[in-house]
Structure formats: structure tokens, C-alpha cells
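Asker: If you read the sequence shown in the numbering used here, its first letter stands for residue 623, the second for the next number, and so on. I'd like to ask you about the structure that follows.
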Amino acid sequence: MAQEGSYVRVTRKEISVFQSRLARYYGAFLVGLILFTLLIMLLELYAGLPNRVIGWLFILLTLGIYAFIGILNFTRRLDEYYVAGRRVPAVFNGMATGADWMSAASFISMAGTLWLLGYDGLAYIMGWTGGYVLLALLFAPYIRKFGQFTIPDFVAARFAEREKLARLVAAICAIIVSFTYVTAQVTGVGIIMSRFFGLDYRVGVFVGLAGVLLCSFLGGMKSITWTQVAQYIILIVAYLIPVTVLSARLTGIPFPQLMYGEALNQIVQIERQLNLSSYVEPFKTALSNASAVRSLPEIGLPAPEPIVNRDWVGTPWEFLALTFCLMTGTAGLPHILIRYYTVPSPKDARLSVGWSLFFIYLLYFTAPAYAAFSRWEVLRSVVGQQIATLPAWVNNWVQTGLLTINDANGDGILQFSELQIVGDIVVLATPEIAGLPFTIAALVAAGGLAAALSTADGLLLVISTALSHDIYAKIINPNASYGRRFLMSRVMILIAAVLAGLAAIPRLALIVQMVAWAFSLAASTFFPVLLLGIFWKRANANGAIAGMIGGLLTCIAYMAANYVNPNITILGLSHLSAGIFGMAVNFALQVIVSLATAPSPKHIQDMVEQLRIPVGELKVAPQPGAVAGGED
């Protein structure tokens, strides 16, 4: 029988022709999206099309497109279901990875975090983008050269002397990391549905999950990949339009990435007038502004209670620790790593990382501008105004519970400390802040939904694959037929989606915080085992297993302890940086246990030597139950 990881090879010419065809298809899709948006805007402005109808038109159109792509790419080939047939061109894999990566945290929460924290929030941008450099240098080409389906596949083959236990531990780690991450995405879906489509938050969560299942249920990685390319186009167009218009309105120049320095200058001047701490000064977070205003004798307001005020960075050490956790967590995320199995060669894997960085850069370079222009507009036109005459968008968001106003001194004037905005609404509210038609707000909502759904697709595939492929087909029933394996995978996707929806309902934290937890977990489990597994041939199965278990338990224990009781800290770090401790324990256990026990067999050490040459294909012996990549 052929090796399970086998696939139909394609030539460079075939890839080039395929890429040209894809460019035409998605170019037409972009033009169609713009024309549809213009048509709906004209109907809103000149025919009075109701906001609710506009919102539902956008959601039905986008979900319909995702469902169409999912159905179009239905497959019963295992290599297509798990790795899209390994024929995705680098540029389109870069777009798909960008959509997979730019989750609800990036689209919804990133600018809001910068809105709240100013300079301190840059830890997220630096950590997440820096992680891609680590990914390109340390992992992507080697993961692709290995040429299997999942990260537990890599762990099982690299530490084959205890293959089943190593695979089981890696699969459990992948499930925990991905479930934490997908819960954050589902939270973002619920927020969008509740504000723009009039649904109860809890109902919106499960309506959004139905959209996720439409993409991933039928075609696996194949349908997810081509859906994510469409989702990237929607989310980046939706992200750029509102802040570009706001920049043009406030500065006269429609390039927010170049002009938000002017917004920062205006913010600093207003802060001086209100006696607020500096928004742009490092390690004096915006959350301290409320305390500064509260100390003024003529105001004497009660203390506001931002839901995240004890969790953000406040010192250079905390800033660096969080940045490091996000960098190493990025490089260890299973749903990102498996994207580099989908390209034709290790060279394409490196190119994919470069394209991914470019497509991610377009959004991340704009996030600070979002924060600056939105904050300037709020300070300019909301703070200090009569509460009774505040803009309509304020009241719209008050109804969601994500923005609160407390006229504590009863003067009818909105003071800065009387306004509390949850960071998750900043991007979604910007079209309304900028005075744009509701059509643009609906487009932004569709973009946020695309960001959340694209990431949720990849995460649910990781969870279902870990359960159906790594645990069921590789450990429990190696002789399972294709039909049973596909059935198990789809059932697991459905179960994981329902559980993620239930976990999202309590809304334990901001989206960006839950995502930071997932990154700490990935840094504590996969980053050390992949790094040492590739670059240290003396690492053995005993060390890898001990490291993953120890790192996972350490990270979870610290996160839980500090989240419940903020006074429980080590080195002054919050639960967001728990990965520092989990990663240290993982590395230490791997090295100590590996040196204290017998090394891996020689053929595995030879495989490691071959793996580090990032060209060609790695020959891995087929495992029991391996079957060719065709239909059952």
C-alpha cells in the first residue's frame, strides 16, 4: 500500500496555470463585492433600505458564498480533506493563512486593545508578527518536508520509540490549544450577531457556528482553504474602508497609516487639557487615565472598574514577557503549522510565510491608525458633551452592554472616566463614529464575521483531526475504513463546535485575552518540542512526552491561579504571560529527561539529519493502517 501521506505530484507549470485561474476567480469576486456594497449603499441612501435588511443581506450573501465554496470543494480523498491535496500556490496559501491567522482578536480586538492601552498594546502586534519570523526560520520548511497531515504526526514519527503515547499527548495538547482559541472566535461571532443582526448574543453564537460548519464539514482543508481566501478579501476590504474615510474626514488625507501621527498629536493635546496620563508614553496605560481624572477635586467620581484593568502590561518586563509568549505561541499554533503541509514543496512553504506576513501586515499596519483616529474622534466629539445629546452610535452600543455611561456627579456632562468602552467594539463602531452609511457598518460586521469564521474553521479542523485521525485512526482503530474516518471527523467537528459555543456564552474575558491564553498554551507545549525535535537529535520520546505534559500543566496552573487571584504572581506576570513558565518547564524537562534516558534509535537520528535539509521530500516509513489518498 502507498504511504498515507502520499499525494498526486504537480509540476510548476500546472501550479502556474492553476494560480492564474484562481487569480481571475478571486479578482472577479473582489469586483463583485465592491459592486454589491455600492448597490446596497445606494439603496440605503436613496430608497431608504432598512438597517436590519442591510445587515441580513450581508450575512446571507457571505454565508451563502462560504457554503457554495464548501459544497463545490466536497471531497472524499483523505489528502484533500486534511491537506488540500498539497497543491495550494504559495500566494493563495499566504492569503488563506492570513485569514486563518487574523482571527476575531486581530480584526475586532487588536485596535481596541491599542485604544485602551496605547503604547503598551504594541506587545500584541510585535509578538504576533515576530512569531512569523520564527515560523519561517525554524519550522515551516521542515514541517512541509516531513509531508504528513498533522503536528501529532510529526511528533509521533520524530519520537517513534514511544509513538502512540507521544501522538496521544500531542493530540491532547492540540485539542486544548485549539479549543481555547476557537472559544474566542465564537465570542466574536456572538458580539457581531447581537449588534448588527438583532440576535440575542447566545443565539448569535450558534447561528455563526452554523456558518463555520458550512465551510468545514464537507471538504475539510480543501474547502477551508478556498473559503479562507474569499474571507481574507472580505475582511481586509472591510477593515480598510472605515478608517480611510475617518482619516480623510479628520485630516483631509485618506491614508490613515501615514496620518495617525496627527491623531496622536491631537490626543496628547486633549489629554493635557483633561489632565490625563499620556496615551503614547510607554508603560503608562490608558486604563490609568480614569484614576487620573478621578483624582481631580472638582469631579470626585467613584472608581470605574474596567474588566481588564489588572491584566495588562505595565512594566518593560511584562511587555517583553507577553511579546515573547505571543512570538513563540505563534510559531507553535497547530492550525497555522498545518497550513504548510498544503503547499507543493518546502520552498513554497517559505514563500507562503512571506506572503502571509505581507497580507497580515496590511491589517496590523492599520490597527494603530484605527485606535488613534477612533480615540481622537471620541475625545473630540463625545467627551465633554451633554449626555442627552450624544451621537446615536453611543446609544446603539449602550444597548449591547459593551459601552456604559455613568453620570456619577449628575452634571449631565460626559467626563472621560464616566465613559467605559470594551475594546472589542472599537473597530465595529468606527463606521458609526465616522458617520458612514450603515452599509459600511454591515460590511465591517461581515469582515469581522469572516475573520472569526476563517480561524474557527481551521481550529475545528485541528480538533476533529486530532480526535479522528491521531487518536481514533492511529491509536484506537488503525484499520478503520475511509468512510468511518470521514464520519468520525465530521462528527467531531460538530461536537467541538457545540462545545465551543457553550464555552463562549459566559464570556469569561475579552477576545484578545482568550487568544493570549491559547498562545501561552501553544508556547508551553509545541514550540519546545518542535524546536528540539528538529534541531537536537539527542531529544528522545521520554523527554518530549515529559516536556509537553509538564509545560501544559504548569501553564494551566499559573493561568488559573492568577486569573482567580491576581495576587498570586511569579515575577509580577499576569496569566496572559503564563507561557513563560510553561515553556521553561517544557525545555528543562525535555533536556533533563532526554539526557537521563537512552537516545532515540539511529534511524530516527538519521531522519533528523535529513529533515534539517529544507529541500526535497523526507522518507518516513508507513505506519500500520496507512492507506493511499483515494476514496474508500
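Cβ coordinates follow ideal geometry from the N, Cα and C atoms, glycine included. On a predicted model such as this, the values are computed, not experimentally measured, just so you know.
With DSSP collapsed to three states, give me the class of Gln-1007.
Answerer: In this structure, Gln-1007 counts as coil in the three-state DSSP scheme.
Asker: Could you tell me whether the stretch 1010–1029 touches the stretch 742–762, using the rule of 3 or more Cβ pairs below 8 Å?
Answerer: Output reads no: the stretch 742–762 does not touch the stretch 1010–1029.
Asker: Within 10 angstroms of its Cβ, does Val-808 collect 16 or more other Cβ (buried), or is it exposed?
Answerer: By the neighbour-count rule (16 or more Cβ atoms within 10 Å), Val-808 is buried.
Asker: What first and last residue would you give for the alpha helix (DSSP H) that runs through Gln-879?
Answerer: Element bounds for Gln-879: 878–896.
Asker: Just verifying my parser: in three-state terms, what is the DSSP assignment at Arg-932?
Answerer: Because the pLDDT at Arg-932 is just 39, under 50, the model does not fix this residue reliably, and the point stays unresolved.
Asker: Hey, would you say Thr-964 sits closer than 9 Å to Ile-676, going by beta carbons?
Answerer: Cβ distance not < 9 Å, so Thr-964 and Ile-676 don't count as in contact.
Asker: Going by Cα to Cα distance, which pick from Arg-1107, Gly-1080, Ala-788 is closest to Ala-1118?
Answerer: Considering only alpha carbons, the answer is Gly-1080.
Asker: Just to confirm the assignment: which complete alpha helix (DSSP H) runs, minimum length 4, are found wholly within the stretch 973–1006?
Answerer: Listed in chain order, the complete alpha helix (DSSP H) runs (minimum 4 residues) inside the stretch 973–1006 are 989–1003.
Asker: Quick check: the stretch 941–954 against the stretch 1135–1146, are at least 3 beta-carbon pairs closer than 8 Å?
Answerer: Yes, the stretch 1135–1146 is in contact with the stretch 941–954.
Asker: Please look up how many angstroms separate the CB atoms of Ala-1088 and Thr-772, rounded, as I've assumed it's under 8 Å.
Answerer: 7 Å between Cβ atoms; contact.
Asker: Which same chain residues end up closer than 7 Å to Ala-1068 when comparing Cβ atoms and leaving out the 5 residues on each side of it in sequence?
Answerer: So the list reads Phe-680, Ile-681, Thr-684, Ile-856, Ala-860, once near-sequence residues are dropped.
Asker: If you scan the stretch 1096–1138 from start to end, which runs of the beta strand (DSSP E) of 3 or more residues do you find wholly inside it?
Answerer: DSSP runs (the beta strand (DSSP E)) wholly in the stretch 1096–1138: none.
Asker: Suppose contacts are defined by Cβ-Cβ distances below 9 Å. Is Gly-1204 in contact with Gly-1155 by that definition?
Answerer: Going by C-beta atoms, Gly-1204 is not nearer than 9 Å to Gly-1155.
Asker: Once the 5 residues before and after Asn-1164 are set aside, which same chain residues still bring their CB inside 6 Å of it?
Answerer: For Asn-1164, where only same-chain residues beyond five positions count, the Cβ hits under 6 Å are Val-1215, Thr-1219.
Asker: Is the separation between the beta-carbon of Ser-1146 and that of Tyr-854 shorter than 9 Å?
Answerer: Result no, Cβ atoms of Ser-1146 and Tyr-854 do not sit closer than 9 Å.
Asker: How far does the alpha helix (DSSP H) with Gln-1212 in it extend, from its first residue to its last?
Answerer: Where Gln-1212 is concerned, the enclosing alpha helix (DSSP H) stretches over 1201–1218.
Asker: So, is Thr-849 buried or exposed, given that buried needs 16 or more other C-beta atoms within 10 angstroms?
Answerer: Buried, because 16 or more other Cβ atoms sit within 10 Å of the Cβ of Thr-849.
Asker: Ordered along the chain, which non-local residues of its own chain (more than five positions away) have a Cβ less than 7 Å from that of Gly-833?
Answerer: Contacts found: Leu-685, Tyr-688, Leu-1075.
Asker: Leaving out five residues on either side along the sequence, give the residues of the same chain with a beta carbon under 6 Å from the beta carbon of Met-1110.
Answerer: Counting only Cβ-Cβ distances below 6 Å, and skipping sequence neighbours, we find Ser-1090, Tyr-1094.
Asker: Assuming Val-867 and Ala-1056 make a contact with CB atoms under 8 Å, what is their CB distance in whole Å?
Answerer: Right, their Cβ atoms sit about 5 Å apart.
Asker: Identify whether Thr-719 lies in helix, strand or coil by the three-state DSSP scheme.
Answerer: Thr-719 falls in the helix class under three-state DSSP.
Asker: How about Met-724 and Leu-985: are their beta carbons less than 9 Å apart?
Answerer: Yes, the Cβ-Cβ distance between Met-724 and Leu-985 is below 9 Å.
Asker: Compute every distance between the C-beta of Gln-1042 and the non-hydrogen atoms of the ligand NAP, then say whether any falls below 8 Å.
Answerer: For the ligand NAP, the structure offers nothing, since it holds no ligand at all.
Asker: Per DSSP, what kind of secondary structure is Thr-849 in: helix, strand or coil?
Answerer: Three-state result, Thr-849: helix.
Asker: Going by C-alpha distance, which of Arg-1106, Val-1213, Lys-786 is nearest Val-1151?
Answerer: Checked all of Arg-1106, Val-1213, Lys-786; the closest Cα to Val-1151 is Val-1213.
Asker: Should the stretch 1043–1059 be regarded as contacting the stretch 1019–1031, the criterion being three or more beta carbon pairs within less than 8 Å?
Answerer: Because the criterion of three Cβ pairs below 8 Å is met, the stretch 1043–1059 and the stretch 1019–1031 touch.
Asker: Can you grab the Cα-Cα spacing for the pair Tyr-703 / Phe-768, in whole Å?
Answerer: About 18 Å.
Asker: Determine which residues share a DSSP beta bridge with Thr-1026 and list them.
Answerer: DSSP, once it has assigned bridges, lists Gln-1042 as partnering Thr-1026.
Asker: To the nearest angstrom, report how far apart Trp-1158 and Ala-1200 are at their CA atoms.
Answerer: Using only the alpha carbons, I get a separation of about 25 Å.
Asker: For Lys-635, count neighbouring C-beta atoms within 10 Å of its own C-beta (all shown protein chains included) and say buried if the count is 16 or more, exposed if not.
Answerer: With fewer than 16 Cβ atoms within 10 Å of its Cβ, Lys-635 is classed as exposed.
Asker: Can you give me the Cβ contacts of Ser-974 inside the same chain, cut-off strictly under 6 Å, excluding the 5 residues immediately before and after it?
Answerer: Excluding residues within five positions, the ones whose Cβ falls inside 6 Å are Ala-712, Asn-715, Gly-716, Val-965.
Asker: In whole angstroms, what separates the C-alpha of Ile-982 from that of Ile-1085?
Answerer: Rounded to the nearest angstrom, the two C-alpha atoms are 24 Å apart.
Asker: DSSP three-state call for Ile-798: helix, strand or coil?
Answerer: In this structure, Ile-798 counts as helix in the three-state DSSP scheme.
Asker: Flag this pair as touching only if the stretch 736–745 and the stretch 664–678 have three or more C-beta atom pairs under 8 Å; answer yes or no.
Answerer: Contact between the stretch 736–745 and the stretch 664–678 is absent, because fewer than three Cβ pairs lie under 8 Å.
Asker: So what's Ile-1035 in DSSP terms, helix, strand or just coil?
Answerer: Looking at Ile-1035 - three-state DSSP - the assignment turns out to be strand.
Asker: Which value, in whole angstroms, describes the spacing of the CA atoms of His-1197 and Met-1181?
Answerer: About 4 Å.
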